[in-house]
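> Okay, handing you the structure first.
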């Protein structure tokens with residue numbers, strides 16, 4: 023009865039956290055949408071002045087923003103100009119060499135929180151997606167937005183994987199997965215002095231292992247979707263809540279889809295605001311288009327697409343841990 027009661031409490035906490043997170047994310051997304059659409063309108067006007075076609079990419083921008091799930095894992099601060107300030111919360115240890123004594127007035131080294139600002143420049147990146155300018159249907163624009171979202175999601179996940187501290191684990195029993203996740207989460211807490219890791223990114227295979235080996239009655243995994251929905255969801259999506267506080271995201275492009283017996287788990291921390299993080303993405307103009315060229319095979323007019331954004335990370339390594347897994351089952 024005790025376990026069931028505890029499981030019900032943890033499950034309720036997980037459900038509440040998810041609802042609160044969604045409400046916060048919706049408010050932040052609304053602000054982001056307004057800034058990005060304003061920037062897109064400016065870019066569109068500039069393109070027309072240079073003789074490019076007058077094409078409204080607003081629907082593609084909105085679709086992309088709705089599908090860039092990786093923004094939930096890091097700080098995202100849209101830029102209003104090509105050079106802007108980004109803000110980050112840092113914990114600074116004062117008097118680290120101060121000796122701690124056993125008396126009533128000795129507190130040892132103090133931790134001070136401060137918000138620091140850093141200038142950042144928007145760089146231009148060519149997208150792998152091109153666009154047939156004859157296709158202006160709504161479905162084509164939505165598909166274009168989803169392709170751009172995939173590029174952003176995978177770039178952010180790849181960056182975090184490169185930044186992260188590395189750990190390795192051999193898994194004999196799937197129940198060991200949670201032990202290694204918590205060890206990584208606590209490592210983040212000790213290094214950042216901010217909090218334990220509160221999100222993980224895994225493959226479909228690892229997500230299923232977590233779900234099947236952690237009983238729902240224990241309150242350790244609150245499922246947010248059924249397995250049949252996996253094939254219909256974006257490349258990166260929220261799948262569940264582990265231990266009542268850690269959000270589980272599934273990356274459908276994960277490496278173990280092609281590597282048998284091996285996988286990895288990315289564990290990270292993000293606070294309640296977009297300044298409490300180790301990695302900041304600052305989009306400026308989501309879609310830019312260059313001159314029209316002719317496809318040599320179809321002879322259709324094709325337009326190359328670009329995006330402009332900045333990104334910043336200082337001490338980002340402390341906020342992320344990548345666990346390389348090897349399964350012995």
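Residue numbers (the numbering used here): 23 to 351. Glycine included, every Cβ here is placed at the ideal spot set by N, Cα and C. It should be emphasised that the depicted structure is a prediction, and the values quoted were computed from it without experimental measurement.
1) By DSSP, does residue 146 sit in helix, in strand, or in coil?
2) Taking the straight line between their C-alpha atoms, what separation do you get for residue 97 and residue 292?
3) What is the residue span of the alpha helix (DSSP H) that residue 198 lies within?
4) What is the rounded straight-line gap between the Cα of residue 210 and the Cα of residue 259?
5) Can you tell me whether residue 141 is buried or exposed? The criterion is at least 16 other CB atoms within 10 Å of its CB, across all chains shown.
6) Can we say the region 102-110 touches the region 186-198, given the rule of at least three CB pairs closer than 8 Å?
7) Closer than 8 Å is the cut-off here; do at least three beta carbon pairs connect the region 256-270 with the region 297-306?
8) Jot down the residue ranges of each uninterrupted beta strand (DSSP E) in the region 290-334, minimum 3 residues, whole runs only, in chain order.
9) Is any heavy atom of the ligand HEM found at a distance shorter than 7 Å from the C-beta of residue 214?
10) Across the region 267-274 and the region 217-236, are there enough close Cβ pairs to call them in contact, namely three or more that are closer than 8 Å?
11) Do residue 332 and residue 68 have their C-beta atoms within less than 8 Å of each other?
12) Have a look at residue 202 and residue 173 and give me their C-alpha separation to the nearest angstrom.
13) Are residue 167 and residue 229 closer than 8 Å when you measure CB to CB?
14) How about residue 86 and residue 171: are their beta carbons less than 8 Å apart?
15) Quick check on the burial criterion: 16 or more other C-beta atoms within 10 angstroms. Buried or exposed for residue 76?
16) For residue 348, which three-state DSSP category applies?
17) Leaving out five residues on either side along the sequence, give the residues of the same chain with a beta carbon under 6 Å from the beta carbon of residue 256.
18) Have a look at the DSSP bridge pairing and note the partners of residue 136.
Taking the coordinates as given:
1) strand
2) 8 Å
3) Here the alpha helix (DSSP H) through residue 198 covers 198-214.
4) 23 Å
5) Answer is exposed; the Cβ neighbour count stays below 16.
6) no
7) no
8) Runs of the beta strand (DSSP E) inside the region 290-334: 302-316 and 323-334.
9) Ligands are entirely absent from the displayed structure, and the ligand HEM is therefore not among its contents.
10) The region 267-274 vs the region 217-236: in contact.
11) no
12) Note on geometry: alpha-carbon atoms of residue 202 and residue 173 lie some 29 Å from one another.
13) no
14) yes
15) Taking every protein chain shown into account, the CB of residue 76 has fewer than 16 other CB atoms within 10 angstroms, so this residue is exposed.
16) strand
17) 89
18) Beta-bridge partners of residue 136 (DSSP): 112.
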